[in-house]
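**Q** The structure follows.
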Amino acid sequence: MDTYTDQLIQATIRQKFRTCTVLTVAHRLDTVMDCDKILVMDAGQVAEFDSPHQLLQNPNGLLTKLVNQTGQSNGVALRAMAEQASNKRKTQTEAE
C-alpha cells in the first residue's frame, strides 16, 4: 500500500474509532508514533511497552534504535510526531 493511502486509512481509523481501543499491527513506524501506547516486540518477546514519546527517552531502547535506523530527517519527524501526540494527550487530560 502506498504511503498516502496508508495515511488516509489511519486518519479514518483514528477519527471513527476515537473512543475505542484499537490494536494496530504495523511495520511503518509513522503508523504508531501517535498511539497512546505501543508494544515493541523482539524475536517474539515483549521488548518495551509505553507511549512512543516515553520509549524514545531511552537512548538504548529498541524503539529508539528502530527510529535511528530510519535516517536523520525521518528520525526527527518521527520523534516530533511522538512528542506532539504526547503533548496533545496531556492537554486533553488537563482539560477534563
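In terms of full-length UniProt numbering, the sequence shown has 44 at position 44, counting the first letter as 1, and numbering is strictly consecutive.
We treat Cβ as the ideally placed atom computed from N, Cα and C, and that holds for glycine.
These numbers were taken from a predicted model, which means no experiment stands behind them.
1) In chain order, what residues of the same chain lie with their CB nearer than 6 Å to the CB of Leu78, ignoring the 5 residues before and after it?
2) Whose C-alpha, out of Ala47, Gln45, Leu55, Val46, is nearest the C-alpha of Cys35?
3) With a cut-off of 8 Å on the beta carbons, I'd call Val46 and Leu62 a contact; round off their distance for me.
4) By Cβ distance, which residues of its chain are closer than 7 Å to Ile13, with the 5 residues on each side in sequence left out?
5) Thinking C-alpha only, which one of His27, Gln7, Asp42 is nearest Thr70?
6) Asp6 to Glu48, Cα distance in whole Å?
**A** So, to answer that:
1) Leu29, Met33, Val67
2) Leu55
3) At roughly 10 Å, the Cβ-Cβ gap does not stay under 8 Å, so Val46 and Leu62 are not in contact.
4) Val22
5) His27
6) 25 Å
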